[in-house]
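Protein chains in written order, with this note's numbering: chain A, 1 to 131; chain B, 1 to 131.
Number of protein chains: 2
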Amino acid sequence: MTSARSAKRAPKPTEAELAILAVLWERGPSTVREIHTELGDRTGYTTILKLMQIMTEKRLLTREERGRSHVYRVTSDEAHTQRRIVDDLLQKAFGGSAQKLIVAALSAKKSTPDEVDEIKRLLDEYKGGLK
Amino acid sequence: MTSARSAKRAPKPTEAELAILAVLWERGPSTVREIHTELGDRTGYTTILKLMQIMTEKRLLTREERGRSHVYRVTSDEAHTQRRIVDDLLQKAFGGSAQKLIVAALSAKKSTPDEVDEIKRLLDEYKGGLK
DNA sequence: ATTCATCTACGAAACTTTTCGTTGACAACT
DNA sequence: AGTTGTCAACGAAAAGTTTCGTAGATGAAT
Numbered sequence: 001m002t003s004a005r006s007a008k009r010a011p012k013p014t015e016a017e018l019a020i021l022a023v024l025w026e027r028g029p030s031t032v033r034e035i036h037t038e039l040g041d042r043t044g045y046t047t048i049l050k051l052m053q054i055m056t057e058k059r060l061l062t063r064e065e066r067g068r069s070h071v072y073r074v075t076s077d078e079a080h081t082q083r084r085i086v087d088d089l090l091q092k093a094f095g096g097s098a099q100k101l102i103v104a105a106l107s108a109k110k111s112t113p114d115e116v117d118e119i120k121r122l123l124d125e126y127k128g129g130l131k
Numbered sequence: 001m002t003s004a005r006s007a008k009r010a011p012k013p014t015e016a017e018l019a020i021l022a023v024l025w026e027r028g029p030s031t032v033r034e035i036h037t038e039l040g041d042r043t044g045y046t047t048i049l050k051l052m053q054i055m056t057e058k059r060l061l062t063r064e065e066r067g068r069s070h071v072y073r074v075t076s077d078e079a080h081t082q083r084r085i086v087d088d089l090l091q092k093a094f095g096g097s098a099q100k101l102i103v104a105a106l107s108a109k110k111s112t113p114d115e116v117d118e119i120k121r122l123l124d125e126y127k128g129g130l131k
C-alpha cells in the first residue's frame, strides 16, 4: 500500500481552508453556496466547492446530502483544531514558549486592562481544571 | 510599476523561512553553513542557501561578507515578527479573540500551575505598561 | 418539452513554495 | 600546477496550493 485515503489524522489546514473553517465555526453546518456568499466575491463558487471537496477528502469536513446540495460540517471541533494550529506555531516560531506567544498576542491585539483581567480569570479557571 | 523589488514591508515568512528565522533568533547572526547544521540533515545545503538568498531579497534578512562566506542577520526583531505572525493567525483562526488564542496556547503547551502564575505576572506587567 | 438556474464533479492551468543539481570562484594543501 | 573542499549564484524541477472553465445532473418555471 502506498497512499490510499485511509485512517489518518486531520492535517493542518492551509490558509484558504482555514478561511472556510472559520465560516463553518461561526455558522455551523453549511452549504457551499452559503460559505461562498459569506466569503464575498473574492473567489469563484467552484473554487470554494473544490476546496471543500478536497477538505472532505482530507477528512477536515464531512458532508451529507440535503436535497440537491450538500451540507458540510467540520469533523473536529473548533478548539481542537485551534490547538493543533497553535501548537504548530508554538514549536515553529516561539521555541515552545507559551509565554512569548501570549505576550505577542497581547501586543498584537492591544488588549485593554479589562480584557487582561478577563484573561487572568481564564488562567485561574485553567489552573483549577488541572487539579 | 508592477512588482519591482522596491521599498516594501517585510512580508509574512513562509514555513521554511520561519524555521530559518527561528535558528537566527536563537543563535544570532549566522552563516548558511551554521543554519544548515543546526537544522539537521532534513534539507540540503543549497536549499537553505537559496531560501536565505530569497529571504534577503524579500528583506527578511541582511547579510555582510566575512571572508569567503556571508553572515546573515534578521532585519526586524524577533518580537516584531512574532507579533505580525500572531496577528495574522488571530484574525484568520480566532476571529480576533486573543483570549481564545491564549486558551489554545495553554492547552497545547499543557502549562503547569507555576507557568500559569508566571504568565499572570507577565499580564500584570503588561497592564502596568499600559498606564 | 424546452429553457433556465443551481448544483456536483472533474481536470487542468496558474501560482507559490521548496528542493536540489550544476557551475564557477577561491583558497588551502600536496 | 593540480587536486580538493567550501562557498555563492543560478536556474529549473518538483511539490503543494489555489483558481476556474467546462460538463452533466436535476429540479423549477414557462
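Note that the Cβ used here is the ideal one computed from N, Cα and C, for glycine as well.
Buried or exposed by the 16-neighbour rule on C-beta atoms within 10 Å, applied to residue i
i	result
residue 119 of chain B	buried
residue 91 of chain B	exposed
residue 3 of chain A	Reliability fails at residue 3 of chain A, whose pLDDT of 41 lies under 50, so the model's placement of it is uncertain and the value that follows must be treated cautiously. Residue 3 of chain A comes out exposed.
residue 1 of chain B	In this prediction, residue 1 of chain B has a pLDDT of 46, which is less than 50 and means its spatial position is unreliable; nothing more can be read from the coordinates.
residue 109 of chain A	buried
residue 83 of chain B	buried
residue 89 of chain A	buried
Residue i - DSSP class collapsed to helix/strand/coil
i	result
residue 107 of chain A	helix
residue 83 of chain B	helix
residue 60 of chain A	coil
residue 42 of chain B	helix
residue 66 of chain A	strand
residue 9 of chain A	coil
Straight-line gap, residue i to residue j (C-alpha atoms, nearest Å)
i	j	result
residue 99 of chain B	residue 75 of chain B	30 Å
residue 14 of chain B	residue 59 of chain A	24 Å
residue 54 of chain B	residue 34 of chain A	39 Å
residue 6 of chain B	residue 87 of chain B	With a pLDDT of 48 at residue 6 of chain B, under the threshold of 50, the modelled position of this residue cannot be trusted; read the value that follows with caution. Roughly 25 Å separates the two Cα atoms.
residue 63 of chain B	residue 31 of chain B	9 Å
residue 27 of chain A	residue 61 of chain A	14 Å
residue 66 of chain A	residue 50 of chain B	50 Å
residue 24 of chain B	residue 37 of chain B	12 Å
Which listed residue (the options) has its alpha carbon closest to that of residue i
i	options	result
residue 117 of chain A	B:114, B:115, B:121	B:121
residue 11 of chain A	A:23, A:25, A:56	A:56
residue 52 of chain B	B:38, B:20, B:29, B:37	B:20
residue 112 of chain A	B:123, B:24, B:65, B:48	B:123
residue 125 of chain B	A:22, A:16, A:106, A:17	A:106
beta-carbon residue i near the ligand GDP non-hydrogen atom, thresh 7 Å
i	result
residue 44 of chain A	As for the ligand GDP, it is missing from this structure, which has no ligand bound.
Three CB pairs or more closer than 8 Å across the region 84-103 of chain B and the region 42-51 of chain B: Taking a cut-off of 8 Å on C-beta distances, the region 84-103 of chain B does not touch the region 42-51 of chain B, as fewer than three cross pairs fall below it.
Any 3 or more C-beta pairs closer than 8 Å across the region 55-70 of chain A and the region 66-81 of chain B: Result no; under three Cβ-Cβ pairs closer than 8 Å.
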